[in-house]
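Beneath this line is the structure, given in structure tokens, with notes to follow.
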Amino acid sequence: MIVEIGSWKGKSTVCLGLGSQAGNGVPVYAIDPHADYRFGDFKTNVERAGIAELVRPIASLSQPAADTFDQPIALLFVDGSHEYDLVLEDFEKWVPKVVDGGWVAFHDTTWTAGPRKVVAQAVYRSRRFKDARFVVGSTTVARKVLHNTFADRARNRYVLGVKTAFWLGSSALKNQRRLLPEPVERLGRRVLKAIQ
1 MIVEIGSWKG KSTVCLGLGS QAGNGVPVYA IDPHADYRFG DFKTNVERAG
51 IAELVRPIAS LSQPAADTFD QPIALLFVDG SHEYDLVLED FEKWVPKVVD
101 GGWVAFHDTT WTAGPRKVVA QAVYRSRRFK DARFVVGSTT VARKVLHNTF
151 ADRARNRYVL GVKTAFWLGS SALKNQRRLL PEPVERLGRR VLKAIQ
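For the sequence shown, position 169 (counting from the first letter as 1) is numbered 169 according to my numbering, and the numbering increases by one without interruption.
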């Protein structure tokens, strides 16, 4: 099954649900406080995408939800609080529920300090993850394993180095980045993708 921490109005829920629908049709548990003012939008977006039968909203903060959730997870997508302590708590409470061979994905791991620090410490430098990579500007993804190899750790550290260089470079050029010609920006994205 798929668990999403932080659904907001359901944009990522729809992506996860459509992926599930195209694959094995596993349920997507969408954990979010689901406040009244946005839950209507969430339900509308899920229904409009045709995935309502797959999505199981859980109206809760992620930490208390973890205490009662006891099913094995194949894909964990974390996009809840961005405060370091809460991201770390999400990691500590939810990642043990991910099966070996399953995937974890953390959103906003480039420019947001909390998620960036947690994945640098707990994913890229861990002996429990392999195939770590990042989507430029947004998400870190890795496969959970019982033990990774030295080669896995070296590759994860290499990807962390590329990600850190991207973060530092893009932070320095953040205001000027839009001044780059579109072909130069596309080339830069291709190069980053190729060297990961």
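We treat Cβ as the ideally placed atom computed from N, Cα and C, and that holds for glycine.
Check: Are there three or more Cβ pairs, one per stretch, closer than 8 Å when the region 34–45 is compared with the region 8–16?
Finding: yes
Margin query: Suppose you measure from the CA of T109 to the CA of G50; what does that come to, to the nearest Å?
Written below: 30 Å
Notebook entry, point to check: Across which residues does DSSP place F42 in a beta bridge pair?
Noted result: Paired residue(s): none; F42 is not in a bridge.
Check: Relative to the C-alpha of L76, which residue among F106, D32 and W111 is closest?
Finding: F106
Notebook entry, point to check: CB-CB under 7 Å to L18, same chain, minus the five flanking residues each way: which ones, in chain order?
Noted result: A49 and I51
Check: Should V184 be labelled buried (16 or more other beta-carbon atoms within 10 Å of its own) or exposed?
Finding: exposed
Item checked: Segment limits, beta strand (DSSP E) that includes K144 -> T140 to K144
Margin query: Looking only at its chain, what residues have a beta carbon closer than 8 Å to the beta carbon of V145, apart from the 5 residues adjacent to it on each side?
Written below: D100, G101, R128, F129, K130 and D152
Next item on the list: Report the option in S60, D67, T68 and Q71 whose CA atom is closest to the CA atom of S81.
Entry: S60
Checklist line | N- and C-terminal bounds of the alpha helix (DSSP H) containing V87 | finding: Y84 to W94
Notebook entry, point to check: Residue range of the alpha helix (DSSP H) that I195 falls in?
Noted result: E182 to I195
Note to self: Let's see if you can read the secondary structure: which residues bound the alpha helix (DSSP H) around Y124?
What the structure shows: Looking at the DSSP string, Y124 is not in any alpha helix (DSSP H), and its letter there is neither H nor E.
Notebook entry, point to check: Can you give, in chain order, each stretch of the alpha helix (DSSP H) that sits fully within the region 3–49 and has at least 4 residues?
Noted result: 11–22 and 36–48
Notebook entry, point to check: Looking at the structure shown, is L75 part of a helix, part of a strand, or coil, going by DSSP?
Noted result: strand
Notebook entry, point to check: Cα separation between V191 and D67?
Noted result: 42 Å
Check: Closest by CA to I206, which one among V118, K163 and W167?
Finding: An answer regarding residue 206 cannot be provided, because it is not within the stretch 1 to 196 covered by the chain.
Check: Hey, how far is the Cα of W167 from the Cα of V46?
Finding: 33 Å
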